[in-house]
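Some notes on the structure that comes next.
Quick look at the structure:
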């Protein structure tokens with residue numbers, strides 16, 4: 101029974117990956133607005149209704165990895181040691197992602213270009229990041245002993261998400277200006293400010309971190 105369930109999950113994962121791969125290839129060739137769900141379904145050898153079983157909208161297929169990434173980060177926060185802060189857990193999670201990340205991956209380059217040039221995708225990205233911000237907010241609230249809807253967790257989570265989005269948008273010219281090609285090195289600069297802000301919030305010091 102478990103073998104059957106495992107096989108079913110593998111097939112679903114493979115189908116999802118095929119849909120995402122074929123969609124990005126079509127978007128690269130024709131542009132996002134030049135491709136329909138029917139086009140993607142035909143390329144992936146599935147029925148259009150099957151597409152919608154995996155992705156609610158055409159925009160969602162550009163963010164095919166989002167749900168898995170969000171679940172992974174949520175699990176990491178649940179399972180972390182009490183001594184590890186949310187910001188430190190975030191850093192560890194990103195380091196693991198970057199270890200497997202190829203900055204020259206054509207699919208990743210295509211995804212970024214699509215988001216930059218397509219308003220509906222830019223809006224979808226903000227929506228996806230708001231889900232991530234919610235998870236961060238809950239972790240930070242736990243660190244601070246606050247309500248997740250409180251102003252302090254909201255501010256820190258929003259700042260963390262803004263830093264991550266800025267990092268994701270950097271191109272070669274930006275890296276040259278920053279004097280580093282190591283994303284973690286640049287991220288650590290942003291996280292240092294966040295840690296300083298968290299320390300100040302926890303100590304009751306309202307002055308900005310130096």
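In my numbering, the protein residues as written are 101 to 310.
Note that beta-carbon positions come from the ideal geometry of N, C-alpha and C, so glycine has one too.
Can you give me the C-alpha to C-alpha distance between residue 182 and residue 252, rounded to a whole angstrom? Approximately 20 Å, taken between the alpha carbons.
Exposed unless 16 or more other CB atoms sit within 10 angstroms - verdict on residue 158: With 16 or more other CB atoms across the displayed protein chains lying within 10 angstroms of its CB, residue 158 is buried.
On a CA-only basis, which of 161, 126, 216, 129 is nearest residue 117? Give me that one, please. For residue 117, the closest alpha carbon among the candidates 161, 126, 216, 129 is that of 161.
Looking at C-alpha atoms only, which residue of 177, 113, 164 is the closest neighbour of residue 240? 177
Looking at C-alpha atoms only, which residue of 173, 201, 204, 199 is the closest neighbour of residue 189? 173
If the criterion is Cβ atoms closer than 8 Å, does the pair residue 143 and residue 122 meet it? yes
Nonlocal neighbours in the same chain, by C-beta distance under 8 Å from residue 222, ignoring five residues either side: 215, 216
With a CB to CB cut of under 8 Å and the five nearest residues on each side skipped, what residues in its chain are close to residue 210? 124, 127, 128
Would you call the stretch 258-272 in contact with the stretch 217-236, where contact means no fewer than 3 C-beta pairs closer than 8 Å? yes
Give me, in chain order, the residues of the same chain whose beta-carbon lies closer than 7 Å to that of residue 283; leave out the 5 immediate sequence neighbours on both sides. Within the same chain, residue 283 has close Cβ partners 198, 267.
Hey, could you find the ends of the alpha helix (DSSP H) residue 158 is sitting in? It is not in any alpha helix (DSSP H) - residue 158 carries neither H nor E in the DSSP assignment.
So for residue 185, helix, strand or coil by DSSP? Three-state DSSP puts residue 185 in coil, outside helix and strand.
Does the beta-carbon of residue 301 have 16 or more other beta-carbons within 10 angstroms, so that it is buried, or is it exposed? It is buried - the Cβ of residue 301 has at least 16 other Cβ atoms within 10 Å.
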